[in-house]
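*Asks:* I'd like to ask some things about the structure below.
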């Protein structure tokens, strides 16, 4: 059976990074399009900003979900590790 090595500190660090990326993407704002809204180039730039905003929102949601899952995995691992350690210490006297 393969050995599983989990680094709780690493899980927590990557989760925090995901949270930061999600926040940064959520806060990013495109500048207003320069020029009159009836100009084709202004409309094209505005449309491009809308597309970028939509992609940024999807990326932010993905980063947020990944961070949530990593925070959850960290907590589950820590609880399992603590519980296993207590079970071993009560059954095995060294």
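Residue numbers (full-length UniProt numbering): 1 to 94.
From the three backbone atoms N, C-alpha and C, an ideal C-beta is built for every residue, glycine too.
With DSSP run on the structure shown, which of helix, strand or coil describes residue 59?
*Replies:* Helix, per DSSP.
*Asks:* Near residue 21, what residues of its chain come up, given a Cβ to Cβ distance below 6 Å and the 5 sequence neighbours on each side ignored?
*Replies:* Correct list, in chain order: 63.
*Asks:* Alpha carbons only, please: which of 3, 9, 87 and 88 is nearest the one belonging to residue 72?
*Replies:* It is 9 whose Cα lies nearest to the Cα of residue 72.
*Asks:* Using 8 Å as the threshold, is the C-beta distance between residue 46 and residue 33 below it?
*Replies:* Yes, the Cβ-Cβ distance between residue 46 and residue 33 is below 8 Å.
*Asks:* Under 8 Å between the Cβ atoms of residue 19 and residue 75?
*Replies:* No, the pair does not count as a contact, with Cβ atoms beyond the cut-off.
*Asks:* Could you compute how far the alpha carbon of residue 43 sits from the alpha carbon of residue 52?
*Replies:* C-alpha separation (whole angstroms): 14 Å.
*Asks:* Ends of the alpha helix (DSSP H) at residue 27?
*Replies:* Start and end: 8 to 27.
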